[in-house]
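Okay, so here's the structure we're looking at.
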Amino acid sequence: MTQRIAWITDSTSSIDAETAAKYNIHIVPLSVVFENESYKENIEITTDEFYERLPHEEVFPTTSQPSVGSFSELFEQLKDSYDAAIAIHISSHLSGTLQTAQLAADMTGFPLFTVDSKMGAGSIRPLLTRGSQLAEEGSTPEEIQQRLTEMAGHARGYLLLGSLEQAHKGGRISRGKLILGTLLKIHPLLTFEGGQIVPFEKIRTRKRAESRLLQIAEDAIASSRVEDLSIIYTTTKEKAEAWKKELQELSPGLAIHLCPLSPVIGVHGGAETMGIMWYEYG
């Protein structure tokens, strides 16, 4: 008998309402905190509202992951309708959300199978849709967990920070690097390695940095088997739409999605942060 499987992710996935409804995905929110005011992202504050407010804050906003209680409450609700759940979350190196979910599952006795996306944002949607397909084909939760964990290893991602000042406020770069980077008009490109965000290249001028980010995607499409590409944007949706059109012309059959960057992640890069994520095979 096919097991009834619930699908869970967190708000950093930026899963849209249509996709969440189609696959019956339960989304647990993370929060951003402006001084003493906490807001659940995409529930109590929208992505647009966050990026409009961010540059004007004197005190650097902080973030918080879901509590054990919020996961426990969800699992108690799911017990009567599902045999198990598969939870796909932001990289465990960037947040403790995955570990919190597992702790809550252990406390409530609900069978939970976790998958570390190794990234977040646009990398989570393909994992959820592929997992749902595997479930429909009759795969067990254990088999799905294994397949999706393997799939996560094929994810590639690059980010262009929107603001060195924001990165400095968050403790990501020193005051000295902020001053030097500002004087030289340096714009760092970052990538993901082993679930962590690490430096990739330093490029002078924003225009060149954007061109380089787009070129990375174009090279990947030209030389590899690329699937499920996502363009990550903040206040840069028009540019993201233009990039989508350009990349779609290179590969008309490639699934390309636009994905707003979660405030919990964007707080460290600031407005105008952009990124590209995809799955690479072959």
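Quick note on the numbering used here: the sequence shown kicks off at 20 and runs consecutively.
Every residue, glycine too, gets a C-beta built ideally from N, C-alpha and C.
Assumed close pair residue i, residue j - CB separation to whole angstroms, cut-off 8 Å
| i | j | result |
| --- | --- | --- |
| Leu-153 | Ile-143 | Not quite, the Cβ-Cβ distance comes to about 16 Å (not below 8 Å), so this is no contact. |
| Glu-212 | Tyr-300 | Going by Cβ atoms, the distance from Glu-212 to Tyr-300 rounds to 19 Å, so no, they are not a contact pair. |
| Ala-124 | His-108 | Ala-124 to His-108, Cβ: 12 Å. No contact. |
| His-287 | Gly-141 | His-287 to Gly-141, Cβ: 17 Å. No contact. |
For residue i, three-class secondary structure by DSSP
| i | result |
| --- | --- |
| Gly-214 | coil |
| His-10 | Nothing can be reported for residue 10: it is not among the residues displayed for the chain, which extend from 20 to 301. |
| Ala-174 | strand |
| Glu-268 | helix |
| Glu-229 | helix |
| Pro-282 | helix |
| Arg-23 | coil |
| Pro-207 | strand |
Residue i to residue j span [Cα, whole Å]
| i | j | result |
| --- | --- | --- |
| Asn-61 | Val-283 | 11 Å |
| Asp-102 | Glu-260 | 40 Å |
| Ile-192 | Gly-139 | Its pLDDT being 49, under 50, Ile-192 is placed unreliably in this model, and the value from its coordinates should be taken loosely. Their backbone Cα atoms lie some 22 Å apart in a straight line. |
| Pro-279 | Ile-251 | 6 Å |
| Ala-290 | Ser-100 | 41 Å |
| Thr-127 | Ala-106 | 15 Å |
| Phe-69 | Gly-181 | 14 Å |
| Arg-227 | Thr-65 | 30 Å |
| Ala-274 | Leu-248 | 6 Å |
| Ser-57 | Val-51 | 6 Å |
| Arg-225 | Leu-266 | 20 Å |
| Leu-97 | Ser-242 | 44 Å |
| Leu-208 | Ile-295 | 11 Å |
CB contact check: residue i to chain B, cutoff 8 Å
| i | result |
| --- | --- |
| Glu-229 | Given the protein chain composition of this structure (a single chain), no chain B is represented. |
(request) Run through the region 69 to 153 for me and flag every whole beta strand (DSSP E) of 3 or more residues, listed as ranges in chain order. (result) Under the rule that a run must span 3 or more residues, the beta strand (DSSP E) segments found entirely inside the region 69 to 153 read 81 to 83, 103 to 108, 131 to 135.
(message) Could you tell me which whole beta strand (DSSP E) segments of length 3 or greater appear in the region 240 to 269?
(response) As far as the region 240 to 269 is concerned, its whole beta strand (DSSP E) runs of at least 3 residues are 244 to 252.
(request) For the region 89 to 96 and the region 39 to 50, state whether three or more C-beta atom pairs, one from each stretch, are separated by less than 8 Å. (result) Pairwise C-beta distances place the region 89 to 96 in contact with the region 39 to 50, as three or more of them are shorter than 8 Å.
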